[in-house]
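Undergrad: I'd like to ask some things about the structure below.
There are 2 protein chains.
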Amino acid sequence: MRSRKGAPGIVDVANRAGVSPATVSRYFNIPDIVRGPTRQRIEAAARDLGYIRNRMAGALHTRFSGTFGLIVPTIDNAIFAEMIEAFSARLQALDRTMLIAAHGYNLELETAIVRSLLERRIDGIALTGIDHDPVALNMLAQRDVPVISIWNHDEAAELPCVGADNEAAGEQIATHILELGHRDVALIFPDANGNDRARDRLSGVLKRFKASGLQLPESRKLQCAYDVGEVKRVAHRLLKGDAPSAIICGNDIIAHGVMFAAQSIGVEIPNQLSVVGIGDFGGSEYFEPGLTTIRLPAKRIGITAAETLLSMSETGQMPNPFHQPIEFQLKVRGSTKPYM
Amino acid sequence: MRSRKGAPGIVDVANRAGVSPATVSRYFNIPDIVRGPTRQRIEAAARDLGYIRNRMAGALHTRFSGTFGLIVPTIDNAIFAEMIEAFSARLQALDRTMLIAAHGYNLELETAIVRSLLERRIDGIALTGIDHDPVALNMLAQRDVPVISIWNHDEAAELPCVGADNEAAGEQIATHILELGHRDVALIFPDANGNDRARDRLSGVLKRFKASGLQLPESRKLQCAYDVGEVKRVAHRLLKGDAPSAIICGNDIIAHGVMFAAQSIGVEIPNQLSVVGIGDFGGSEYFEPGLTTIRLPAKRIGITAAETLLSMSETGQMPNPFHQPIEFQLKVRGSTKPYM
DNA sequence: AACAAAAATGCAAACGTTTTCATTTTGGTA
DNA sequence: TACCAAAATGAAAACGTTTGCATTTTTGTT
Numbered sequence: 001m002r003s004r005k006g007a008p009g010i011v012d013v014a015n016r017a018g019v020s021p022a023t024v025s026r027y028f029n030i031p032d033i034v035r036g037p038t039r040q041r042i043e044a045a046a047r048d049l050g051y052i053r054n055r056m057a058g059a060l061h062t063r064f065s066g067t068f069g070l071i072v073p074t075i076d077n078a079i080f081a082e083m084i085e086a087f088s089a090r091l092q093a094l095d096r097t098m099l100i101a102a103h104g105y106n107l108e109l110e111t112a113i114v115r116s117l118l119e120r121r122i123d124g125i126a127l128t129g130i131d132h133d134p135v136a137l138n139m140l141a142q143r144d145v146p147v148i149s150i151w152n153h154d155e156a157a158e159l160p161c162v163g164a165d166n167e168a169a170g171e172q173i174a175t176h177i178l179e180l181g182h183r184d185v186a187l188i189f190p191d192a193n194g195n196d197r198a199r200d201r202l203s204g205v206l207k208r209f210k211a212s213g214l215q216l217p218e219s220r221k222l223q224c225a226y227d228v229g230e231v232k233r234v235a236h237r238l239l240k241g242d243a244p245s246a247i248i249c250g251n252d253i254i255a256h257g258v259m260f261a262a263q264s265i266g267v268e269i270p271n272q273l274s275v276v277g278i279g280d281f282g283g284s285e286y287f288e289p290g291l292t293t294i295r296l297p298a299k300r301i302g303i304t305a306a307e308t309l310l311s312m313s314e315t316g317q318m319p320n321p322f323h324q325p326i327e328f329q330l331k332v333r334g335s336t337k338p339y340m
Numbered sequence: 001m002r003s004r005k006g007a008p009g010i011v012d013v014a015n016r017a018g019v020s021p022a023t024v025s026r027y028f029n030i031p032d033i034v035r036g037p038t039r040q041r042i043e044a045a046a047r048d049l050g051y052i053r054n055r056m057a058g059a060l061h062t063r064f065s066g067t068f069g070l071i072v073p074t075i076d077n078a079i080f081a082e083m084i085e086a087f088s089a090r091l092q093a094l095d096r097t098m099l100i101a102a103h104g105y106n107l108e109l110e111t112a113i114v115r116s117l118l119e120r121r122i123d124g125i126a127l128t129g130i131d132h133d134p135v136a137l138n139m140l141a142q143r144d145v146p147v148i149s150i151w152n153h154d155e156a157a158e159l160p161c162v163g164a165d166n167e168a169a170g171e172q173i174a175t176h177i178l179e180l181g182h183r184d185v186a187l188i189f190p191d192a193n194g195n196d197r198a199r200d201r202l203s204g205v206l207k208r209f210k211a212s213g214l215q216l217p218e219s220r221k222l223q224c225a226y227d228v229g230e231v232k233r234v235a236h237r238l239l240k241g242d243a244p245s246a247i248i249c250g251n252d253i254i255a256h257g258v259m260f261a262a263q264s265i266g267v268e269i270p271n272q273l274s275v276v277g278i279g280d281f282g283g284s285e286y287f288e289p290g291l292t293t294i295r296l297p298a299k300r301i302g303i304t305a306a307e308t309l310l311s312m313s314e315t316g317q318m319p320n321p322f323h324q325p326i327e328f329q330l331k332v333r334g335s336t337k338p339y340m
């Protein structure tokens with residue numbers, strides 16, 4: 001249980017520079033209000049001593065820790081990773097830091113994480129998705145900590161959100177498939193439990209089919225864990241039997257699995273089968289053939305989320321507009337073609 | 001500049017429970033030393049008030065913040081993401097949190113990040129790779145903050161390391177290719193600048209070739225940015241000209257790009273071309289054909305790193321053994337086959 | 001050169017915990 | 001029942017900053 005070596009503090013710097021601690025503090029926070037000569041003495045003293053300010057001590061007083069929280073279902077997923085990186089980079093540029101944690105689609109765990117982050121007095125927090133444990137939301141509200149919901153978009157959401165309308169994305173990808181003339185379509189989606197993004201996408205797809213007067217038989221609605229191996233198995237079974245002419249996947253990862261499965265049994269994409277995903281992370285564009293999908297701009301979400309949170313924290317105001325829609329975009333690539 | 005609503009503090013809890021703040025503090029840190037009845041009163045008071053402890057205030061005194069830092073080149077990379085997730089999850093289970101940041105292979109930025117993390121008084125930090133700016137290392141050493149180097153392994157390293165021997169990995173994958181009888185082999189590696197993992201892998205491969213008395217012409221040593229699009233272009237050019245019989249890629253991502261490139265111009269893998277990567281993240285196993293590669297156990301590295309750091313922080317001792325080798329493993333899959 | 005206004009600095013009291021040391025309470029024993 | 005050691009609790013001094021207010025220094029004006 002080693003105690004840190006007596007690292008120099010602000011008063012050590014002050015003594016060496018021949019000024020008061022208050023002035024040193026001001027130098028670090030608002031350099032402009034200390035005069036040139038004084039500033040130089042402080043700089044020299046800090047440099048000589050190797051002083052590194054203690055933000056925790058400062059935060060005790062100001063109540064701003066300069067770190068923000070980000071909770072995601074999982075870090076190990078290309079499209080979240082892209083968003084996380086952007087969120088982190090934006091904060092870094094703003095001299096802030098990021099505490100991140102994953103809950104693996106377990107909302108109870110999410111609540112525990114929120115508590116843990118609150119113990120660290122984060123200045124704001126971004127939660128993935130719209131649905132959350134009221135207990136967690138209460139803790140945040142009680143302390144007046146800025147919260148936003150990212151990734152999904154819903155005008156009715158109680159939290160400010162920064163994300164794309166996943167239901168609309170589902171509709172759009174379904175539209176694409178229908179416009180290509182496909183009628184026998186299968187769906188492979190992840191479990192919607194604790195995953196409002198997946199739920200909304202699926203509901204968008206179904207809505208669109210219904211609007212076209214098409215009824216998807218239950219046997220065409222497949223569910224699958226978030227694991228390429230399992231996806232391949234599910235897809236194999238589907239393709240070896242009475243194969244549909246197109247498959248709509250709940251996300252790009254699943255689409256990749258389907259494409260591999262098709263390839264491994266010699267089903268040609270897009271000639272014999274059209275495949276689409278939703279998400280469009282880095283890899284999908286370069287797939288062979290390229291994956292037709294809906295591009296959800298992960299980077300933009302990350303950046304906007306960081307900026308929104310910071311602004312909420314500094315102004316104490318809700319963002320305007322309250323819900324920030326992030327536009328998505330259909331990317332038509334080689335994995336789809338007209339039926340027949 | 002909103003100030004947080006007067007959230008209840010430890011003294012509010014103490015008053016409500018009719019005990020002193022000291023006792024409440026003890027309750028939260030070492031519950032066993034407060035008597036049953038007292039404990040219950042404290043529990044009730046804390047619950048009623050919705051008290052959430054302030055670890056920053058505590059850390060001011062104990063000098064342990066309960067958060068650890070992790071610096072990676074990039075978060076948005078499947079294999080790092082896997083490690084990050086494991087590191088984070090392990091800390092979470094130990095009631096600690098993780099501050100993470102990426103430097104994009106820019107060592108100067110890494111130093112700035114180290115400083116920023118030190119300002120938050122992290123209890124320890126993991127840096128990716130062996131090579132680091134002495135300035136950063138100095139700051140850490142001066143403050144006696146536990147540091148480890150992860151991902152790579154080198155018996156000569158000055159920092160404790162938790163990782164696989166990337167040079168040996170390079171040798172092993174080269175051995176595999178040579179044993180399959182390939183003689184005309186091309187290499188596609190990322191820029192080794194500020195990336196000791198890439199440098200060591202490449203040097204391992206070259207070492208092995210030299211040992212076999214084979215001289216790789218410079219034209220067979222290709223360099224390529226970490227971007228699937230560029231990889232595809234580079235590979236296209238290579239395959240359309242005087243194509244080698246095998247390509248060794250510096251990592252799995254590059255290997256994926258090569259496989260897509262081959263596929264797009266009808267070069268059959270493994271019949272006309274063998275391809276190998278190094279890394280083996282989630283996706284590679286399920287590729288079609290599966291990618292032959294060296295499995296670097298990212299999860300294990302993340303977990304071991306977290307545990308090592310925590311133990312260093314608690315005991316104040318260097319880990320034993322000082323360097324912790326993480327075993328890697330050749331995974332032979334469908335992307336390679338004997339020459340001819 | 002003298003003065004007022006403005007700018008820079010210093011003093012000291014917070015901020016919310018933890019911990020040492022002293023004091024009280026408890027439980028067991030004679 | 002009285003006493004003692006051990007266990008539980010309390011009082012108060014840290015921990016390293018920031019900031020309101022008071023004071024000093026500078027700057028600009030006449």
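Protein sequences, first through last, are from chains Z and A.
Counted the way our numbering counts, the first sequence spans residues 1 to 340.
Counted the way our numbering counts, the second sequence spans residues 1 to 340.
Ideal Cβ positions, reconstructed from N, Cα and C, are used throughout, including at glycine.
Please read these numbers as outputs of a predicted model, since none were measured by experiment.
Between A:Gly266, A:Arg233, A:Gly241 and A:Lys240, which lies nearest to Ile254 (chain A) when the distance is taken from Cα to Cα?
TA: Mapped onto the second sequence, residue 254 (chain A) falls at position 254. Looking at the Cα atoms, A:Arg233 is the closest of the given residues.
Undergrad: Quick check: Gly250 (chain Z) and Leu216 (chain Z), are their CB atoms within less than 8 Å of each other?
TA: Within the first sequence, the letter at position 250 stands for residue 250 (chain Z). Within the first sequence, the letter at position 216 stands for residue 216 (chain Z). Going by C-beta atoms, Gly250 (chain Z) is not nearer than 8 Å to Leu216 (chain Z).
Undergrad: So Ile75 (chain A) and Glu85 (chain Z) are in contact, right, with Cβ under 8 Å, and what is the actual spacing, rounded?
TA: Counted from its first residue, the second sequence places residue 75 (chain A) at position 75. Counted from its first residue, the first sequence places residue 85 (chain Z) at position 85. Ile75 (chain A) to Glu85 (chain Z), Cβ: 4 Å. Contact.
Undergrad: What does the alpha-carbon distance come out to for the pair Ala136 (chain A) and Gly69 (chain Z)?
TA: Along the second sequence, one-based indexing puts residue 136 (chain A) at 136. Along the first sequence, one-based indexing puts residue 69 (chain Z) at 69. Between Ala136 (chain A) and Gly69 (chain Z), the C-alpha separation is close to 25 Å.
Undergrad: What in chain A is Cβ-close to Asp32 (chain Z), meaning under 8 Å?
TA: Indexing the first sequence from 1 puts residue 32 (chain Z) at position 32. What Asp32 (chain Z) touches in chain A: nothing, since even the nearest Cβ is about 18 Å away.
Undergrad: Please go through the same chain and pick out, in chain order, the residues whose beta-carbon is closer than 7 Å to the beta-carbon of Ser212 (chain A), but skip the five residues on each side of it.
TA: Along the second sequence, one-based indexing puts residue 212 (chain A) at 212. Closer than 7 Å at Cβ, skipping near neighbours: Leu178.
Undergrad: Going by alpha carbons, who is nearest to Gly361 (chain A) out of A:Asp227, A:Thr38, A:Arg63 and A:Leu330?
TA: Since the first residue of chain A shown is 1 and the last is 340, residue 361 (chain A) is not available in this structure.
Undergrad: Would you say Lys232 (chain A) reaches chain Z, if we count a Cβ-Cβ gap shorter than 8 Å as a contact?
TA: By one-based count along the second sequence, residue 232 (chain A) stands at place 232. So yes, Lys232 (chain A) belongs to the interface.
Undergrad: Nearest by alpha-carbon distance to Asp123 (chain A): which of A:Leu107, A:Glu307 and A:Cys224 is it?
TA: By one-based count along the second sequence, residue 123 (chain A) stands at place 123. Checked all of A:Leu107, A:Glu307 and A:Cys224; the closest Cα to Asp123 (chain A) is A:Glu307.
Undergrad: For a quick check, are the C-beta atoms of Ser367 (chain Z) and Gly129 (chain Z) less than 8 Å apart?
TA: Because chain Z is modelled from 1 through 340, residue 367 (chain Z) falls outside the range shown and cannot be assessed.
Undergrad: Mapping the DSSP letters down to three states, classify His323 (chain Z) as helix, strand or coil.
TA: As a position in the first sequence, residue 323 (chain Z) is number 323, starting the count at 1. Residue state, collapsed to three classes: coil.
Undergrad: Within 10 angstroms of its Cβ, does Glu108 (chain A) collect 16 or more other Cβ (buried), or is it exposed?
TA: In the second sequence, counting from the first residue as 1, residue 108 (chain A) sits at position 108. Classification for Glu108 (chain A): exposed.
Undergrad: Please work out which residues of its chain come closer than 7 Å, Cβ to Cβ, to Met139 (chain A), disregarding the five sequence neighbours upstream and downstream, and give them in chain order.
TA: The residue given as residue 139 (chain A) occupies position 139 in the second sequence. Answer for Met139 (chain A): Val114, Arg115 and Leu118, listed in chain order.
Undergrad: Find the nearest neighbour of Ala17 (chain Z) within the set Z:Phe328, Z:Ala46 and Z:Ala112, judged by alpha-carbon distance.
TA: As a position in the first sequence, residue 17 (chain Z) is number 17, starting the count at 1. The candidate whose alpha carbon is nearest that of Ala17 (chain Z) is Z:Ala46.
Undergrad: Would you list, in sequence order, the uninterrupted beta strand (DSSP E) runs of no fewer than 3 residues that lie entirely inside the region 269-329 of chain A?
TA: Segments of the beta strand (DSSP E) lying fully in the region 269-329 of chain A: 274-276, 293-295 and 323-325.
Undergrad: For Gly282 (chain A), return the contacting residues in chain Z, with the cut-off set at a CB-CB distance below 8 Å.
TA: In the second sequence, the residue the question calls residue 282 (chain A) occupies position 282. In chain order: Asp76 and Val228.
Undergrad: Put Asn382 (chain A) into one of helix, strand or coil per three-state DSSP.
TA: The shown model of chain A, from 1 to 340, leaves out residue 382 (chain A), and the question about it has no answer.
Undergrad: Just list the residues that DSSP pairs Phe251 (chain A) with in beta bridges.
TA: For the purposes of this step, residue 251 (chain A) is identified with residue 251 of the second sequence, where counting begins at 1. A small correction: the amino acid at residue 251 (chain A) is Asn; Phe does not occupy that position in the sequence shown. Answer by DSSP bridge pairing: none, since Asn251 (chain A) is not bridged.
Undergrad: Straight-line CA distance for Pro195 (chain A) to Tyr105 (chain A)?
TA: Along the second sequence, read from residue 1 onward, the residue named residue 195 (chain A) stands at position 195. Along the second sequence, read from residue 1 onward, the residue named residue 105 (chain A) stands at position 105. Inspection of the sequence shows that residue 195 (chain A) is occupied by Asn rather than by Pro. Answer to the nearest angstrom: the Cα atoms are 7 Å apart.
Undergrad: Using alpha carbons as the reference points, say which of Z:Met83, Z:Asp165 and Z:Leu94 lies closest to Ala126 (chain Z).
TA: Indexing the first sequence from 1 puts residue 126 (chain Z) at position 126. Ala126 (chain Z) has its Cα closest to that of Z:Met83, out of Z:Met83, Z:Asp165 and Z:Leu94.
Undergrad: For chain Z, is any of its Cβ atoms less than 8 Å away from the one on Ser88 (chain A)?
TA: Numbered from 1 along the second sequence, position 88 holds the residue referred to as residue 88 (chain A). By this cut-off, Ser88 (chain A) is an interface position.
Undergrad: Within the chosen definition, does the region 267-275 of chain A reach the region 235-247 of chain A through at least 3 CB pairs nearer than 8 Å?
TA: The answer is yes - the region 235-247 of chain A touches the region 267-275 of chain A, with three or more Cβ pairs under 8 Å.
Undergrad: For Pro190 (chain Z), I'd like the list of residues in its chain whose CB is within less than 6 Å of its CB, leaving aside the five on either flank, ordered along the chain.
TA: Walking along the first sequence from the start, residue 190 (chain Z) turns up at place 190. Excluding positions up to five away in sequence, the list reads Ala198, Tyr226 and Gly250.
Undergrad: Taking all protein chains shown into account, decide if Leu94 (chain A) is buried (16 or more other Cβ within 10 angstroms of its Cβ) or exposed.
TA: As a position in the second sequence, residue 94 (chain A) is number 94, starting the count at 1. Per the 10 Å Cβ criterion, exposed.
Undergrad: In whole angstroms, give me the CA-to-CA distance for Ile269 (chain A) and Pro338 (chain A).
TA: Reading the second sequence from its first residue, position 269 is the one you call residue 269 (chain A). Reading the second sequence from its first residue, position 338 is the one you call residue 338 (chain A). Computed Cα separation, rounded: 12 Å.
Undergrad: What residue does the beta strand (DSSP E) around Gly170 (chain A) start on, and which one ends it?
TA: Taking the first residue of the second sequence as 1, we reach residue 170 (chain A) at position 170. Here Gly170 (chain A) belongs to no beta strand (DSSP E); instead the alpha helix (DSSP H) covers Asn166 to Glu179.
Undergrad: So Glu167 (chain A) packs on Asp200 (chain A), CB below 8 Å; how close in whole Å?
TA: The count along the second sequence starts at 1 and reaches residue 167 (chain A) at position 167. The count along the second sequence starts at 1 and reaches residue 200 (chain A) at position 200. About 4 Å separates the two Cβ atoms, so the contact holds.
Undergrad: Taking only beta-carbon positions, decide if Leu94 (chain Z) is within less than 8 Å of chain A.
TA: Looking up residue 94 (chain Z) in the first sequence gives position 94. Chain A, which has no Cβ nearer than 8 Å to the Cβ of Leu94 (chain Z), makes this no.
Undergrad: With a cut-off of 8 Å on the beta carbons, I'd call Ile42 (chain Z) and Val19 (chain Z) a contact; round off their distance for me.
TA: Stepping through the first sequence from its first residue, residue 42 (chain Z) is reached at position 42. Stepping through the first sequence from its first residue, residue 19 (chain Z) is reached at position 19. With a Cβ gap of about 7 Å, Ile42 (chain Z) and Val19 (chain Z) count as contacting.
Undergrad: Which residue comes first and which comes last in the alpha helix (DSSP H) that contains Met83 (chain Z)?
TA: One-based indexing of the first sequence puts residue 83 (chain Z) at position 83. Segment Ala78 to Ala93, the alpha helix (DSSP H) holding Met83 (chain Z).
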